[in-house]
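Trainee: Next up is a structure, given as structure tokens.
Right, here's the structure in full:
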């Protein structure tokens, strides 16, 4: 009987599974099907019923303890005045209304948004182009793929420490290179937009290659006949890229947009380490303080846990709003994508 | 770790072959493509190269304009200084322990849950799966304040378990394994094992694990890299002067805790990056295959 199991497995499971699969089941368990004799059948049915819940339990227990409970606790804290190590006093929505009138909060919100846009949009556009290039028949394709992925292996901390030196106003290589091109040195840390651009460069550097490989995988799964039909219609390469490739990998693009947006909303390590000893305040004029940094400053420097918790909940609300917008966009896109591919098919047939 | 990664080639191979037909009629790259790709590779690799350059000079030389472009003579001095004075060795061991435990447990629990969601019928399956996916959007910022209070009460600040426990399993992993198993594991295989009277643990061991192994290897690699580089919560739960992971130690270095010698700071960065980079360089193709394999599933 064990043999029959193996035979089924050999047929349809991936080849990798064969070797270990064939060493399975020495046949010791090939008793008759359970369900006829007393306790064994009860046990069998219990196993059948309970097993799924046992298997998913570790995830839900971990989530309950380290995700859901702290989430609610943070919500509770956000309605109180709490000092580090002190007791809590009810404050209602006071922490939230304090945020609404705090220039630091609006500054951090604006910085999170602008850094998020400057780091995400060029990153994903460049990743698309890079994926397109990597999709050509290439000599040394392995090298190029590993090379663009190397930044992904570099941690936030290591990457930021290196870039902080490269962006140094006085001796950094980037200003040196700008000097060769005839530009004046840029004050990358102390002025607002240069600092935000520098931080975005670090984010972009770390993630472009990774996203490009994700796009590349999606591009290679696009059916070839779509391209053939477009070519028959006389579509140029660029036209094919815009009207076949992009629509076909739209779900993947949306996935990367979601992931990058979530990441951008939480941005913390890059601005903090880029600012050196004054990183937590986001530079001397808070010019690159993000929401996460402000939350950390409130919670761990000022010790106002209630206010820090309110910031955390605002971040969650933001993500929910962004998620809602993205869900709407994806739904309308899906409709449009379907319409378009139907058009193309009709065109190809005519 | 090497052993886990060894299975990745087999993981990527069948998938790559399936993708080949569409890739078969690719256009050949022109010179411009090579130029642009060369530029992309240069931009990707230069900061890493320069990290090595900076780590091989004296601190004074690194902060002198123009910054050095070629390696200098002080790499070993800087390495031994960082290793002894800043204790990057301890941080390296801590990081290895944390990343190892987190990836092992995430792979194990994600495979169990992914199998249940993919192949076992049970009440509430759809809703619970939706919940798993929804939890992915909750940022860690929502939990760090209470968690910090808890680990303070327990006396767990600077203890590795405070970093490991919250990461024992990840929603991404559960979803990843579910997506893989839903296609790779034939339902008849599970049913046949049931007919043989195999109980669930036996099915996990003899049917699910062998089939899931390639995806487990990929997931293990992804989680290992993520845990190795994790920053936000470790930075709160551990301290640079106490019992840090590499990233926390680097944050301390960057803030000038031990030294303001930028060559030593960047030597620390080099120590933290080198292990993963070496793995990437040796297993590069398989890592790339793993990441793209994982992405297709998404």
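Protein chains in written order, with UniProt numbering: chain S, 1 to 350; chain L, 1 to 298.
We treat Cβ as the ideally placed atom computed from N, Cα and C, and that holds for glycine.
1) Can you list the residues of chain S that residue 64 (chain L) reaches, using a CB-CB cut of under 8 Å?
2) Interface residues of chain S around residue 156 (chain L) at Cβ under 8 Å?
3) Could you list which residues in chain S have their beta carbon closer than 7 Å to that of residue 52 (chain L), in chain order?
4) So what does DSSP say about residue 57 (chain L), is it helix, strand or coil?
5) Check each residue of the region 89 to 115 of chain L: if its Cβ is closer than 7 Å to any Cβ of chain S, include it; give the result in chain order.
6) Counting only beta-carbon separations shorter than 8 Å, does residue 47 (chain S) have a partner in chain L?
7) Buried or exposed for residue 187 (chain L), please, with buried defined as at least 16 other CB atoms from any protein chain shown within 10 angstroms of its CB.
8) With a Cβ-Cβ cutoff of 8 Å, do residue 99 (chain S) and residue 311 (chain S) count as a contact?
9) Name the residues in the region 212 to 232 of chain L whose C-beta lies less than 8 Å from a C-beta of chain S; which are they?
10) Of the choices L:260, L:250, L:207, whose alpha-carbon is the least far from that of residue 273 (chain S)?
11) Using C-beta distances below 7 Å, list every residue in its chain close to residue 89 (chain L), excluding the 5 sequence neighbours before and after it, in chain order.
12) Determine the chain L residues that contact residue 203 (chain S) at a beta-carbon separation under 8 Å, and present them in chain order.
13) Along chain S, which residues have their Cβ under 7 Å away from the Cβ of residue 56 (chain L)?
14) If you follow the beta strand (DSSP E) that residue 163 (chain L) is part of, which residue opens it and which one closes it?
15) Just how far apart, CA to CA, sit residue 269 (chain S) and residue 232 (chain L)?
16) Within 8 Å (strictly less), CB to CB, does residue 265 (chain S) reach chain L?
17) With 9 Å as the C-beta to C-beta threshold (strictly closer), list the residues of the region 167 to 187 of chain L near chain S in chain order.
18) State buried or exposed for residue 42 (chain S), treating a residue as buried only when at least 16 other CB atoms are found within 10 Å of its CB.
19) Got a sec, what are the start and stop residues for the alpha helix (DSSP H) residue 179 (chain L) sits in?
20) May I ask which residues mark the beginning and end of the beta strand (DSSP E) holding residue 81 (chain S)?
21) Short of 8 Å Cβ to Cβ, which residues in the region 176 to 204 of chain S face chain L?
22) Quick one, are the C-beta atoms of residue 266 (chain S) and residue 141 (chain L) less than 8 Å apart?
23) On the CB-based measure, 16 or more other CB atoms within 10 Å of its CB, does residue 272 (chain L) come out buried or exposed?
24) Which residues in chain L have a C-beta closer than 7 Å to the C-beta of residue 138 (chain S)? List them in chain order.
25) Closer than 8 Å, Cβ to any Cβ of chain L: which residues of the region 265 to 283 of chain S, in chain order?
26) In whole angstroms, what separates the C-alpha of residue 135 (chain S) from that of residue 64 (chain L)?
27) Starting from residue 90 (chain S), trace the beta strand (DSSP E) in both directions and tell me its first and last residue.
28) Between the alpha carbons of residue 260 (chain S) and residue 201 (chain L), how many angstroms are there, rounded?
29) Would residue 98 (chain S) pass as an interface residue toward chain L - the criterion being a Cβ-Cβ separation below 8 Å?
30) Given a cut-off of 8 Å on the beta-carbon distance, is the pair residue 95 (chain S) and residue 307 (chain S) in contact?
31) Expressed to the nearest angstrom, what Euclidean distance is found between the alpha-carbon atoms of residue 165 (chain S) and residue 189 (chain S)?
32) What residue range is occupied by the uninterrupted alpha helix (DSSP H) comprising residue 136 (chain L)?
33) Using a Cβ-Cβ cut-off of 8 Å (strictly less than) and excluding sequence neighbours within five positions of residue 92 (chain S), which residues of its own chain qualify?
34) Do residue 145 (chain L) and residue 294 (chain S) have their CB atoms nearer than 8 Å?
35) Could you name the residues of chain S that residue 284 (chain L) contacts, counting a contact when the two beta carbons are closer than 7 Å?
36) With residue 120 (chain S) as the anchor, note down where its alpha helix (DSSP H) starts and where it stops.
Mentor: Short version:
1) Listed along the chain, the chain S residues whose CB falls inside 8 Å of the CB of residue 64 (chain L) are 171.
2) Near residue 156 (chain L) there are no residues of chain S at all, since even the closest Cβ is about 13 Å away, more than 8 Å.
3) Those do not exist, as residue 52 (chain L) stays about 10 Å from chain S at its closest Cβ, beyond 7 Å.
4) Correct three-state label for residue 57 (chain L): coil.
5) Flagged, chain order: 109, 112, 113, 115.
6) Output row for residue 47 (chain S): interface = yes.
7) Classification of residue 187 (chain L): exposed, given that the 10 Å Cβ count is below 16.
8) It is a contact, given that the beta carbons lie within the stated cut-off.
9) So the close ones are 213, 214, 225, 228, 229, 231, 232.
10) The shortest C-alpha separation from residue 273 (chain S) is found at L:250.
11) Residues of the same chain with a CB within less than 7 Å of the CB of residue 89 (chain L), apart from the 5 flanking positions on each side, are 83 in chain order.
12) The premise fails here: residue 203 (chain S) is roughly 13 Å from chain L at the closest Cβ pair, so nothing lies under 8 Å.
13) Result: empty, since nearest Cβ-Cβ is about 14 Å, beyond 7 Å.
14) Counting along the chain, residue 163 (chain L) falls outside any beta strand (DSSP E), though it belongs to the alpha helix (DSSP H) covering 161 to 164.
15) When rounded, the distance between both Cα atoms is 7 Å.
16) Contact of residue 265 (chain S) with chain L is assigned, a C-beta pair being separated by under 8 Å.
17) Taking 9 Å as the upper bound on Cβ-Cβ separation, chain S lies near residues 167, 168, 169, 170, 171, 173, 174, 184, 185, 186 of the region 167 to 187 of chain L.
18) Exposed, by the Cβ-count rule.
19) Looking at the DSSP string, the run of the alpha helix (DSSP H) that includes residue 179 (chain L) is 171 to 184.
20) First-last of the beta strand (DSSP E) with residue 81 (chain S): 80 to 82.
21) Within the region 176 to 204 of chain S, the residues whose Cβ lies closer than 8 Å to some Cβ of chain L are 176, listed in chain order.
22) The Cβ atoms of residue 266 (chain S) and residue 141 (chain L) lie closer than 8 Å to each other.
23) That one is buried.
24) Residues of chain L passing the Cβ test: 29.
25) If the cut-off is 8 Å between Cβ atoms, the region 265 to 283 of chain S has 265, 266, 268, 269, 272, 273, 276, 277, 279 near chain L.
26) Near 42 Å, if we compare the C-alpha coordinates of residue 64 (chain L) and residue 135 (chain S).
27) Residues 88 to 90.
28) Whole-angstrom Cα-Cα distance: 38 Å.
29) By this cut-off, residue 98 (chain S) is not an interface position.
30) For the pair residue 95 (chain S) and residue 307 (chain S), the CB atoms are nearer than the 8 Å cut-off.
31) Rounded to whole angstroms, the separation of the alpha carbons of residue 189 (chain S) and residue 165 (chain S) is 11 Å.
32) Segment: none, residue 136 (chain L) is in no alpha helix (DSSP H) and carries neither H nor E.
33) The answer, listed in chain order, is 79.
34) At least 8 Å separates the beta-carbon of residue 145 (chain L) from that of residue 294 (chain S).
35) Think of a sphere of 7 Å around the beta carbon of residue 284 (chain L): the chain S residues whose beta carbon falls inside it are 142, 146, in chain order.
36) Start and end: 103 to 134.
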